[in-house]
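So for the sequence shown, full-length UniProt numbering puts the first residue at 1; every next one is plus one. Glycine included, each C-beta is placed from N, C-alpha and C at the ideal position. Heads up: the structure comes next, in C-alpha coordinates.
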Amino acid sequence: MPADDQILIVDDHQDTLYALESALSPLGYRLGRATSGDEALKQVLRGRVGLLLLDVRLPGADGLDVVRYLRRLEQTQHIPVVLLTGFGADHDLISAAFALGVADLLPKPVDPWALRTKIRYLYDAHQHRLALEAELRALRELVAKGGADGCGDAIRELVEDGPARVQPHRHPALTPPDAGVPPPRQVTRAAPARERT
(Lines of atoms letter the chains of each structure in order from A and count residues from 1; the text may use other names and numbers.)
(Lines give C-alpha, C1' and ligand atoms only; values in the text may rest on other atoms or scores of the structure.)
Protein backbone atom coordinates (compact mmCIF):
# COMPACT_ATOMS: atom_id res chain seq x y z
CA MET A 1 0.00 0.00 0.00
CA PRO A 2 1.47 3.34 -0.93
CA ALA A 3 2.38 5.55 2.00
CA ASP A 4 -0.15 8.15 0.89
CA ASP A 5 -3.16 5.88 1.45
CA GLN A 6 -5.28 7.50 4.08
CA ILE A 7 -6.92 6.38 7.26
CA LEU A 8 -10.57 7.26 6.81
CA ILE A 9 -12.31 8.33 10.03
CA VAL A 10 -16.09 8.06 9.84
CA ASP A 11 -18.39 9.57 12.48
CA ASP A 12 -21.43 11.80 12.29
CA HIS A 13 -20.31 14.01 15.20
CA GLN A 14 -17.78 16.71 14.34
CA ASP A 15 -16.33 16.78 17.86
CA THR A 16 -15.63 13.03 17.70
CA LEU A 17 -14.00 13.41 14.28
CA TYR A 18 -11.78 16.14 15.66
CA ALA A 19 -10.83 14.08 18.75
CA LEU A 20 -9.97 11.00 16.64
CA GLU A 21 -7.93 13.09 14.19
CA SER A 22 -6.05 14.64 17.13
CA ALA A 23 -5.34 11.20 18.58
CA LEU A 24 -4.06 9.81 15.26
CA SER A 25 -2.18 12.79 13.86
CA PRO A 26 1.08 11.95 15.75
CA LEU A 27 1.34 8.79 13.61
CA GLY A 28 2.04 10.90 10.54
CA TYR A 29 -0.44 9.09 8.27
CA ARG A 30 -2.79 10.96 5.95
CA LEU A 31 -6.22 11.25 7.56
CA GLY A 32 -9.55 11.61 5.80
CA ARG A 33 -13.00 12.11 7.20
CA ALA A 34 -16.57 11.23 6.36
CA THR A 35 -19.79 11.90 8.25
CA SER A 36 -21.99 9.10 6.91
CA GLY A 37 -21.75 5.51 5.76
CA ASP A 38 -22.66 6.49 2.20
CA GLU A 39 -19.92 9.13 2.06
CA ALA A 40 -17.42 6.61 3.48
CA LEU A 41 -18.31 4.06 0.80
CA LYS A 42 -17.80 6.64 -1.94
CA GLN A 43 -14.35 7.56 -0.62
CA VAL A 44 -13.28 3.93 -0.21
CA LEU A 45 -14.46 3.04 -3.72
CA ARG A 46 -12.43 5.94 -5.14
CA GLY A 47 -9.39 4.18 -3.70
CA ARG A 48 -6.47 5.39 -1.59
CA VAL A 49 -7.97 4.24 1.74
CA GLY A 50 -5.69 1.99 3.77
CA LEU A 51 -7.74 1.65 6.96
CA LEU A 52 -11.24 2.54 8.07
CA LEU A 53 -12.06 3.82 11.57
CA LEU A 54 -15.82 3.60 11.54
CA ASP A 55 -18.61 4.45 13.98
CA VAL A 56 -21.28 1.76 14.24
CA ARG A 57 -24.22 4.19 14.32
CA LEU A 58 -24.31 6.43 11.27
CA PRO A 59 -27.02 8.13 9.23
CA GLY A 60 -27.91 6.17 6.12
CA ALA A 61 -25.81 3.03 5.88
CA ASP A 62 -24.57 2.16 9.38
CA GLY A 63 -21.09 0.85 10.15
CA LEU A 64 -21.98 -2.83 9.76
CA ASP A 65 -23.70 -2.14 6.43
CA VAL A 66 -20.52 -0.42 5.20
CA VAL A 67 -18.38 -3.39 6.25
CA ARG A 68 -20.78 -5.88 4.61
CA TYR A 69 -20.52 -3.99 1.34
CA LEU A 70 -16.72 -3.68 1.51
CA ARG A 71 -16.26 -7.39 2.18
CA ARG A 72 -18.19 -8.28 -1.01
CA LEU A 73 -15.78 -6.41 -3.30
CA GLU A 74 -12.40 -7.87 -4.15
CA GLN A 75 -10.57 -4.52 -4.10
CA THR A 76 -11.87 -3.59 -0.63
CA GLN A 77 -12.36 -6.89 1.20
CA HIS A 78 -8.99 -6.80 2.96
CA ILE A 79 -9.04 -3.17 4.13
CA PRO A 80 -8.74 -3.25 7.92
CA VAL A 81 -11.79 -1.86 9.71
CA VAL A 82 -11.93 -0.76 13.34
CA LEU A 83 -15.47 -0.14 14.57
CA LEU A 84 -16.29 2.36 17.31
CA THR A 85 -19.36 2.17 19.50
CA GLY A 86 -20.70 4.42 22.22
CA PHE A 87 -23.35 1.92 23.29
CA GLY A 88 -21.27 -0.50 25.36
CA ALA A 89 -20.69 -4.20 24.88
CA ASP A 90 -23.57 -5.74 22.92
CA HIS A 91 -23.02 -9.47 22.28
CA ASP A 92 -24.96 -9.41 18.99
CA LEU A 93 -22.97 -6.44 17.72
CA ILE A 94 -19.67 -8.04 18.71
CA SER A 95 -20.61 -11.33 17.02
CA ALA A 96 -21.78 -9.62 13.83
CA ALA A 97 -18.71 -7.37 13.66
CA PHE A 98 -16.15 -10.15 14.05
CA ALA A 99 -18.10 -12.44 11.70
CA LEU A 100 -17.62 -9.73 9.05
CA GLY A 101 -13.87 -9.69 9.64
CA VAL A 102 -13.64 -6.44 11.56
CA ALA A 103 -10.15 -6.03 13.04
CA ASP A 104 -11.41 -4.58 16.33
CA LEU A 105 -14.42 -3.08 18.08
CA LEU A 106 -13.61 -0.25 20.47
CA PRO A 107 -15.86 1.52 22.98
CA LYS A 108 -16.08 5.31 22.99
CA PRO A 109 -14.44 7.31 24.40
CA VAL A 110 -11.26 5.76 23.06
CA ASP A 111 -7.92 5.78 24.86
CA PRO A 112 -5.69 7.74 22.41
CA TRP A 113 -2.55 5.70 23.16
CA ALA A 114 -4.32 2.35 22.65
CA LEU A 115 -5.97 3.66 19.48
CA ARG A 116 -2.64 4.83 18.00
CA THR A 117 -1.02 1.50 18.82
CA LYS A 118 -3.76 -0.56 17.18
CA ILE A 119 -4.07 1.68 14.14
CA ARG A 120 -0.30 1.73 13.55
CA TYR A 121 -0.12 -2.07 13.75
CA LEU A 122 -3.15 -2.68 11.49
CA TYR A 123 -2.14 -0.07 8.91
CA ASP A 124 1.45 -1.30 8.70
CA ALA A 125 0.42 -4.99 8.58
CA HIS A 126 -1.99 -4.23 5.72
CA GLN A 127 0.73 -2.29 3.91
CA HIS A 128 3.07 -5.26 4.28
CA ARG A 129 0.40 -7.65 2.99
CA LEU A 130 -0.18 -5.55 -0.10
CA ALA A 131 3.56 -5.36 -0.77
CA LEU A 132 3.79 -9.16 -0.56
CA GLU A 133 0.84 -9.54 -2.92
CA ALA A 134 2.54 -7.19 -5.41
CA GLU A 135 5.72 -9.27 -5.25
CA LEU A 136 3.70 -12.43 -5.77
CA ARG A 137 2.05 -10.91 -8.87
CA ALA A 138 5.48 -9.99 -10.22
CA LEU A 139 6.73 -13.55 -9.62
CA ARG A 140 3.68 -14.96 -11.41
CA GLU A 141 4.38 -12.72 -14.39
CA LEU A 142 8.00 -13.84 -14.39
CA VAL A 143 6.99 -17.50 -14.36
CA ALA A 144 4.37 -16.91 -17.06
CA LYS A 145 7.00 -15.30 -19.29
CA GLY A 146 9.34 -18.23 -18.75
CA GLY A 147 11.84 -16.22 -16.73
CA ALA A 148 11.95 -18.67 -13.84
CA ASP A 149 13.49 -21.58 -15.76
CA GLY A 150 16.60 -21.61 -13.63
CA CYS A 151 14.65 -21.39 -10.37
CA GLY A 152 12.99 -24.76 -10.59
CA ASP A 153 9.94 -26.02 -8.83
CA ALA A 154 10.36 -23.91 -5.67
CA ILE A 155 9.21 -20.70 -7.35
CA ARG A 156 6.43 -22.46 -9.24
CA GLU A 157 5.16 -23.90 -5.95
CA LEU A 158 5.30 -20.48 -4.29
CA VAL A 159 3.46 -18.88 -7.18
CA GLU A 160 0.77 -21.56 -7.25
CA ASP A 161 0.24 -21.57 -3.46
CA GLY A 162 0.86 -17.86 -2.99
CA PRO A 163 -2.55 -16.60 -1.87
CA ALA A 164 -2.77 -19.30 0.77
CA ARG A 165 0.64 -18.27 2.13
CA VAL A 166 -0.04 -14.53 2.21
CA GLN A 167 -2.14 -14.25 5.34
CA PRO A 168 -2.33 -11.28 7.67
CA HIS A 169 -0.53 -11.84 10.94
CA ARG A 170 -2.81 -11.30 13.89
CA HIS A 171 -1.09 -10.23 17.05
CA PRO A 172 -2.48 -12.10 20.09
CA ALA A 173 -2.98 -8.86 22.03
CA LEU A 174 -5.20 -7.47 19.25
CA THR A 175 -7.14 -10.66 18.55
CA PRO A 176 -10.27 -11.40 20.58
CA PRO A 177 -9.90 -14.60 22.63
CA ASP A 178 -12.75 -16.34 20.80
CA ALA A 179 -11.59 -15.43 17.27
CA GLY A 180 -10.26 -18.94 16.63
CA VAL A 181 -6.89 -17.66 15.45
CA PRO A 182 -4.00 -19.77 16.75
CA PRO A 183 -1.12 -17.90 18.36
CA PRO A 184 1.99 -17.34 16.26
CA ARG A 185 4.39 -20.29 16.12
CA GLN A 186 7.57 -20.12 18.11
CA VAL A 187 10.67 -20.67 16.00
CA THR A 188 13.49 -22.40 17.81
CA ARG A 189 16.95 -23.15 16.55
CA ALA A 190 18.95 -26.19 17.38
CA ALA A 191 22.06 -25.59 19.42
CA PRO A 192 25.20 -25.63 17.31
CA ALA A 193 27.15 -28.86 17.46
CA ARG A 194 30.37 -28.74 19.46
CA GLU A 195 33.59 -29.35 17.67
CA ARG A 196 35.64 -32.28 18.88
CA THR A 197 39.20 -31.55 19.81
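The UniProt domain "Response regulatory" (6–123) is shown to contain whole alpha helix (DSSP H) runs of 4 or more residues at 14–24, 37–45, 63–72, 91–99, in chain order.
The Cβ neighbour count for Tyr-123, taken over all protein chains shown within 10 Å, is at least 16; the residue is labelled buried. In this model, Leu-24 and Pro-109 are separated by some 14 angstroms (Cα to Cα). A contact is defined here as three or more CB-CB pairs under 8 angstroms, and the segment 120–134 fails this definition with respect to the segment 85–101. In the same chain as Thr-35, and ignoring 5 residues on each side of it, the C-beta atoms closer than 6 angstroms to its own belong to Asp-12, in chain order. As the crow flies, the alpha-carbon of Thr-117 is around 42 angstroms from that of Lys-145. CA-CA distance, Val-56 to Arg-33, rounds to 15 angstroms. With a beta-carbon spacing of about 7 angstroms, Val-44 and Leu-8 fall inside the 8 angstroms limit used to define contacts. Sequence-distant partners of Gly-60 (beyond 5 residues in either direction) whose C-beta falls short of 6 angstroms from its own C-beta, in its chain, are Ser-36, Gly-37, Asp-38.
Within the same chain, Ile-7 come within 6 angstroms of Tyr-29 by CB-CB distance, once the 5 residues on both sides are set aside.
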